[in-house]
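Enquirer: Quick note, the sequences are listed as chains E and W, same order. For the first sequence, counting from 1, position 26 maps to 205 in this note's numbering; every step adds exactly one. For the second sequence, counting from 1, position 266 maps to 445 in this note's numbering; every step adds exactly one. By construction, the Cβ of each residue, glycine as well, lies at the ideal position given by its N, Cα and C atoms. Being a predicted model, the structure only gives us computed values, none of them experimental.
2 protein chains.
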Amino acid sequence: MSPRDGLQSVKAFIPTQEKVRLIEALISAGLPKIEVTSFVSPKWIPQLADAEHLIESLRKESGTIFQALVLNEKGFQRARRTNLVKEITFVVASTEALNRKNVNMSIADSMRQFASIAKLAKADGIRPRGLVGVAFVCPHEGRVPTSRVLELIEKFFTSGAEEVTLADSLGAAAPDHVYDLFVQAKETFPDKAFAAHFHDTQHLALANIFSAMCAGIDVFEAAVGELGGCPFTAGARGNVATERLVYMLHSMGIETGIDYDQLVKASAFAHQLVSSPSHEAQSAQAGLSLMQTQ
Amino acid sequence: MSPRDGLQSVKAFIPTQEKVRLIEALISAGLPKIEVTSFVSPKWIPQLADAEHLIESLRKESGTIFQALVLNEKGFQRARRTNLVKEITFVVASTEALNRKNVNMSIADSMRQFASIAKLAKADGIRPRGLVGVAFVCPHEGRVPTSRVLELIEKFFTSGAEEVTLADSLGAAAPDHVYDLFVQAKETFPDKAFAAHFHDTQHLALANIFSAMCAGIDVFEAAVGELGGCPFTAGARGNVATERLVYMLHSMGIETGIDYDQLVKASAFAHQLVSSPSHEAQSAQAGLSLMQTQ
């Protein structure tokens, strides 16, 4: 998720060619999927205004699947026209207040948007994915009721999602909660595909991933170099670092097809990218809603 | 473990009164047990040469149990004479080479030492604990065979240990390995007490603790501020930070009796202590055997 979730948190516009270098490094490391950018209005996220140009600049022959975030039909159409985005992710937050803050829409309206996008996507051979933001702990309401998360999962699947990610956007979930929620989700939707997404604010991301693995989850979102933040609240750290996750998986003897040494090099480059004084890199500040609709 | 495992890794001698402040802060935070120092020769660890003076300077009325590391009978006698050390920990490494490097003794000789110390300790109402160092991954030999660890555990218990800690001294253990080893240990010695000790070199300590909890372990060693290193190899990070562990436990609704905010204050003080330029604080370098015998 570094090229999207990571670089949108950097205030400055990072030149397209440097983003390409980061993505190419991740491709070389053997990442199976990369969320390369977000098709949102440049008005809201000027950092990712080069989405089409970026994707056209990537080499085409890799086995890596390119994912992109879209938040409405206009964004989807932009992603589709590249012919290179094979999976799209659509975010709905678990509370009305947070969803409105994020995309200025009710959850019901978001789901209607998603349903129409998912239909178009499938017709074009693009895999639609849903992400439940703040699926575990809400900055305002605390622990999110399981019933509400299950309801959102169901809406995503009935609206056409082929995979649903449960995201600990704050990095505040506890390992037992993670286990319980994924067990419930898998029992309720036994034939469906799930993924997990943990921020590392409280250093619990790897414990949460291990716990999710114990519940049978085997798709995880991560960001090389732990780039990124959280659009829902200030102070959250980035997604779990891909290299830490891969180290853990390899230490358990789990094959990932990822070259750890190349990944560490990509991480070093990512850090260089966001800390370069020429990019005036700074994490986006509190209150800035990063995933606004167009 | 910060006052012992942490401060022995700092090159400079930290004044006794500052160590006392750190320990008092940990007592105020409600830590149930604190390893306050190590009774080893000042020739080997001059940083902890003030062991008796330190313990005499601590307030006596707290409910916290004071532990100390001892590596031979002379050290034990020093600990005993304070009348305040209620638990002693004795380290044996899992390989002959590492045990010799650490205490210049064969494993068999170490175990004989421990047996005589344990007998004396019990006669004095002091609880003897054994710690298997490098119980998971050896820097030279890789994964430590389970059979060897079980053999060391058995020797510790037959020599009088009332609790045995399995330590991932390098911070290189994988969560599935941790689970398997503790399950085996508990099945083999069902009536015995175990503890776990994880360094955070690869950021896996909390995942490993959660995994050990799944195997039924409920005693964990940690170091406030993640102070410390590893005497067996260069580059290992300190014990998992107590505050991170407590955060995880509290997030799971597990009562610890520890005041998290006080603990965070103690952590800040610990960092101040080891990073003060006046203490010329630096982590001990590779090759320096920190837990040498007297």
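1. Within the continuous alpha helix (DSSP H) that includes His429(E), where are the two ends?
2. Do the region 266 to 279 of chain W and the region 290 to 309 of chain W make contact, defined as three or more Cβ pairs closer than 8 Å?
3. List the residues of chain W whose Cβ lies closer than 7 Å to the Cβ of Tyr426(E), in chain order.
4. Can you tell me the Cβ-Cβ gap for Ser390(W) and Tyr439(W), rounded? I've got them flagged as a contact below 8 Å.
5. Quickly, what does DSSP pair Gly395(E) with across the bridge? List them, please.
6. Does the CB of Arg423(W) have a neighbour CB from chain E at under 7 Å?
7. Answer yes if the region 204 to 224 of chain E comes into contact with the region 235 to 249 of chain E, meaning at least three C-beta pairs across the two stretches below 8 Å, and no otherwise.
8. Less than 7 Å between CB atoms is the rule here; does Ser273(W) satisfy it with respect to chain E?
9. From the beta carbon of Met290(E), is the nearest beta carbon of chain W less than 7 Å away?
10. From Lys444(E), Glu422(E), Ala447(E) and Ser446(E), pick the residue whose C-alpha is nearest to that of Thr435(E); which is it?
11. List the whole-angstrom C-beta distance separating Val313(W) from Arg322(W), where the pair is believed to meet the contact cut-off of C-beta under 8 Å.
12. Taking a cut of 7 Å between CB atoms, which residues from the region 332 to 361 of chain E lie near chain W?
13. With a floor of 3 residues, list each beta strand (DSSP E) that falls wholly inside the region 300 to 363 of chain E, ordered by position along the chain.
14. At a CB distance below 8 Å, what residues from the region 382 to 397 of chain E approach chain W? Give them in sequence order.
15. Check whether the Cβ atoms of Val215(W) and Pro182(W) lie closer than 7 Å to each other.
16. Taking C-beta pairs closer than 9 Å, name the residues in chain W that Met180(E) reaches, listed in chain order.
17. With a 10 Å radius around its C-beta and 16 neighbouring C-beta atoms as the bar for buried, classify Val189(W) as buried or exposed.
18. For chain E, check one thing: does any of its Cβ atoms lie closer than 7 Å to the Cβ of Ala447(W)?
19. Return helix, strand or coil for Ala465(E), following the three-state DSSP convention.
20. Measure the alpha-carbon distance for Ala297(E) versus Ala401(W) and round it to whole angstroms.
21. Among residues of its own chain, excluding the 5 on either side of Ile437(E), which ones have a beta-carbon nearer than 7 Å to its beta-carbon?
22. How big is the Cα-Cα spacing for Phe293(E) and Asn251(E)?
23. Kindly indicate if chain E contains any beta-carbon less than 7 Å away from that of Ser217(W).
24. Name, in chain order, the residues that DSSP records as bridge partners for Thr268(E).
25. Taking the beta strand (DSSP E) that Thr216(W) belongs to, which residues open and close that run?
26. If we count the other Cβ atoms within 10 Å of its Cβ and call it buried at 16 or more, is Glu275(E) buried or exposed?
27. Just grab the DSSP bridge partners of Glu400(W) for me.
28. So, do the region 405 to 420 of chain E and the region 343 to 351 of chain E have three or more beta carbon pairs nearer to each other than 8 Å?
29. In the DSSP output, what is Asn418(W) paired with across the bridge?
30. In whole angstroms, what is the alpha-carbon distance linking Ala228(E) and Asp379(E)?
31. Among the residues of its own chain, which have a CB less than 7 Å from the CB of Ile332(E), if the five just before and after it don't count?
32. Does Met431(W) come within less than 7 Å of chain E when only Cβ atoms are used?
33. Output the distance between the C-alpha atoms of Cys393(W) and Ser338(W), rounded to the nearest integer angstrom.
34. Go to Thr195(W), then tell me how far its alpha helix (DSSP H) extends in each direction, as first and last residue.
35. Which residue comes first and which comes last in the alpha helix (DSSP H) that contains Asn281(W)?
Expert: Let me spell this out:
1. Here residue 429(E) is taken as the residue at index 250 of the first sequence, counted from 1. Thr421 to Ser430 is the extent of the alpha helix (DSSP H) around His429(E).
2. Touching, per the Cβ criterion.
3. Position 247 of the first sequence holds residue 426(E). Within chain W, the residues near Tyr426(E) are Gln381.
4. Counted from its first residue, the second sequence places residue 390(W) at position 211. Counted from its first residue, the second sequence places residue 439(W) at position 260. About 23 Å; that fails the 8 Å criterion.
5. Mapped onto the first sequence, residue 395(E) falls at position 216. DSSP lists no partner for Gly395(E).
6. On the second sequence, residue 423(W) is found 244 positions in, with the first residue counted as 1. Yes, because at least one Cβ of chain E sits closer than 7 Å to the Cβ of Arg423(W).
7. yes
8. The residue given as residue 273(W) occupies position 94 in the second sequence. Judged by the 7 Å Cβ criterion, Ser273(W) is not in contact with chain E.
9. Numbered from its first residue, the first sequence carries residue 290(E) at position 111. Chain W, which has no Cβ nearer than 7 Å to the Cβ of Met290(E), makes this no.
10. By 1-based counting over the first sequence, the position of residue 435(E) is 256. Among Lys444(E), Glu422(E), Ala447(E) and Ser446(E), the Cα nearest to that of Thr435(E) is on Glu422(E).
11. Stepping through the second sequence from its first residue, residue 313(W) is reached at position 134. Stepping through the second sequence from its first residue, residue 322(W) is reached at position 143. About 11 Å; that fails the 8 Å criterion.
12. Ala353, Pro354 and Asp355
13. Correct list: 306 to 312 and 342 to 347.
14. His382, Leu383, Leu385, Ala386, Ile388, Phe389, Ser390 and Cys393
15. Mapped onto the second sequence, residue 215(W) falls at position 36. Mapped onto the second sequence, residue 182(W) falls at position 3. Contact: yes.
16. Residue mapping note: residue 180(E) aligns to position 1 of the first sequence, counting from 1. Within 9 Å Cβ-Cβ: nothing; Met180(E) doesn't reach chain W, min ~18 Å.
17. Here residue 189(W) refers to the residue found at position 10 of the second sequence. So Val189(W) counts as buried.
18. Stepping through the second sequence from its first residue, residue 447(W) is reached at position 268. Among the residues facing chain E, Ala447(W) is not included, as its CB has no counterpart in that chain under 7 Å away.
19. Against the first sequence, residue 465(E) aligns to sequence position 286. Here the model assigns Ala465(E) a pLDDT of 29, short of 50, so the residue's position is not dependable, and the following value carries that caveat. Annotated three-state conformation of Ala465(E) is coil, per DSSP.
20. Here residue 297(E) refers to the residue found at position 118 when the first sequence is read from its first residue. Here residue 401(W) refers to the residue found at position 222 when the second sequence is read from its first residue. Approximately 48 Å, taken between the alpha carbons.
21. On the first sequence, residue 437(E) is found 258 positions in, with the first residue counted as 1. Closer than 7 Å at the Cβ level, and outside the excluded window around Ile437(E), lie Ala208, Gly209, Leu210 and Val425.
22. In the first sequence, residue 293(E) corresponds to position 114, counting from 1. In the first sequence, residue 251(E) corresponds to position 72, counting from 1. Their backbone Cα atoms lie some 7 Å apart in a straight line.
23. Within the second sequence, residue 217(W) is the residue found at index 38, counting from 1. It does not; no Cβ of chain E falls within 7 Å.
24. As a position in the first sequence, residue 268(E) is number 89, starting the count at 1. Thr268(E) is bridged to Leu248(E) and Arg308(E).
25. Reading the second sequence from its first residue, position 37 is the one you call residue 216(W). Its beta strand (DSSP E) spans residues Lys212 to Phe218.
26. The residue given as residue 275(E) occupies position 96 in the first sequence. The residue in question, Glu275(E), is exposed, as its Cβ has fewer than 16 Cβ neighbours within 10 Å.
27. Working through the second sequence from its first residue, we reach residue 400(W) at position 221. Glu400(W) pairs with His376(W).
28. Remark: three or more beta-carbon pairs, one from each stretch, lie closer than 8 Å, so the region 405 to 420 of chain E and the region 343 to 351 of chain E are flagged as touching.
29. By 1-based counting over the second sequence, the position of residue 418(W) is 239. His378(W).
30. The residue you call residue 228(E) lines up with position 49 of the first sequence. The residue you call residue 379(E) lines up with position 200 of the first sequence. Cα to Cα, the separation comes out at about 27 Å.
31. Numbered from 1 along the first sequence, position 153 holds the residue referred to as residue 332(E). Correct list, in chain order: Val311, Val343, Ala364 and Phe368.
32. Here residue 431(W) refers to the residue found at position 252 when the second sequence is read from its first residue. It does: the Cβ of Met431(W) has a partner Cβ on chain E nearer than 7 Å.
33. Along the second sequence, read from residue 1 onward, the residue named residue 393(W) stands at position 214. Along the second sequence, read from residue 1 onward, the residue named residue 338(W) stands at position 159. Cys393(W) and Ser338(W) have their alpha carbons spaced roughly 28 Å apart.
34. Position 16 of the second sequence, counted from the start, is the residue given in the question as residue 195(W). The continuous alpha helix (DSSP H) containing Thr195(W) extends over residues Thr195 to Ala208.
35. Locating residue 281(W) in the second sequence gives position 102, counting from the first residue. Run containing Asn281(W): Glu275 to Val282, per the alpha helix (DSSP H) assignment.
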